[in-house]
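Residue numbers (our numbering), protein chains in the order written: chain A, 148 to 350; chain B, 363 to 570.
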């Protein structure tokens, strides 16, 4: 084949695809999409807990990326650039819908949102494993503010300083909300599996 | 150290700031050690959810359509009127879906022109499009050529065609149920456009 395309069996590398996408090559766009679609879509789905909205946001994130691809100079990793863009698209949507991206430090938690205090209480322990599906469901059941911080930190692997910059809160707030999110998840997981917890006795 | 004191600083402990007194408390307190191991487990399992979901093929279809409409996808140095050249290289049977696409495009144009024309256009476009949705021979032929030129794309196009055909069937059913439903008519035309777009993309990709 003499033109710019390669046979599909020999797919373009990411860097080749970026350069060709800048020239408007259709296959290059699809290669980039295929490389990153799962991560971007999963992020959108976890953050919104809504399939249709996650698809819409995935589309929006990739379109924003492809529109700006001519400005990508490769100083930062392409995946970092894309995923940060996807996070921004999701956070923007949550803000438009007036959903809390992160609970404010001053916010008084409602009875429903606040993880139950466990000080000194005899406590049931999760029995050593968590099914992926039940964790997914528990994350979906988190209040949106907790969910954002938890997904960004524990699922996507962002550090607290990065999260603070993205969502506009302090590092301390990010840490505190993450802890509350994990506590709430533990509580949700325990209530969803009454027969599958172990009693942890007090000394 | 009491459980209350321990749990107060638990967020920092989970961040790795663990001192000897914390370790001592964990060793002596099953409740707090259970809590720490649960929170660690949740955190570890959460990482497995990264990139765990596959978006529907519809997402890429929409992206590609938007890229084409915005002119971000450019044809690599070729004349857009390649149908005759293409047909010389490939089977004349290709003219069938190409013609169908043109008729659909015509139908869409007329539809956009006005409601009275819309009814007429639907009458013209619908049977052709229905044949596109229902006639798997054209789809099969398309997949064979795509597969012969770019084997790794065959599955992707098969998914695209399956989805768009399902979309057309649903839209046709809705229009049949209520022929005066303008929203349903718009959905049907959008479904036809998507199918035409899939064929157009395949033609572009299959060019030598």
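No residue lacks a Cβ here, since even glycine has one placed at the ideal position from N, Cα and C.
Scanning A:198, A:193 and A:158 for the CA closest to the CA of residue 286 of chain A turns up A:193. The three-state reading of DSSP puts residue 411 of chain B in coil, since its state is none of H, G, I, E or B. Contact with chain B is found for residue 176 of chain A, since one of that chain's Cβ atoms lies less than 8 Å from the residue's Cβ. Pairwise C-beta distances place the region 416-431 of chain B in contact with the region 192-207 of chain A, as three or more of them are shorter than 8 Å.
When DSSP states are grouped into helix, strand and coil, residue 229 of chain A belongs to the helix group. Neighbours of residue 209 of chain A in chain B, taken as residues whose beta carbon is under 7 Å from its own, are 425 in chain order. In the structure shown, residue 434 of chain B falls within a coil segment according to DSSP collapsed to helix, strand and coil. A residue is called buried when at least 16 other Cβ atoms come within 10 angstroms of its Cβ; residue 501 of chain B meets this threshold and is buried. For residue 213 of chain A, the chain B residues whose Cβ falls inside 8 Å of its Cβ are 425, 429 and 434, in order along the chain. For residue 412 of chain B, the nearest CB of chain A lies under 8 Å from its own CB, placing it at the interface with that chain. Within 8 Å of the CB of residue 186 of chain A, the CB atoms of chain B belong to 412 and 413, in sequence order along the chain. Comparing alpha-carbon positions, the option among A:321, A:332 and A:282 lying closest to residue 373 of chain B turns out to be A:321. Put simply, the backbone Cα of residue 508 of chain B is about 40 Å away from that of residue 407 of chain B. When C-beta atoms of the region 391-408 of chain B are compared with those of the region 300-312 of chain A, three or more pairs fall below 8 Å, so the two segments count as touching.
If you check the CB distance, residue 403 of chain B and residue 273 of chain A come in under 8 Å.
Burial state of residue 541 of chain B is exposed, judged by a 10 Å Cβ sphere holding fewer than 16 other Cβ atoms.
With a threshold of 8 Å between beta carbons, residue 333 of chain A makes contact with chain B.
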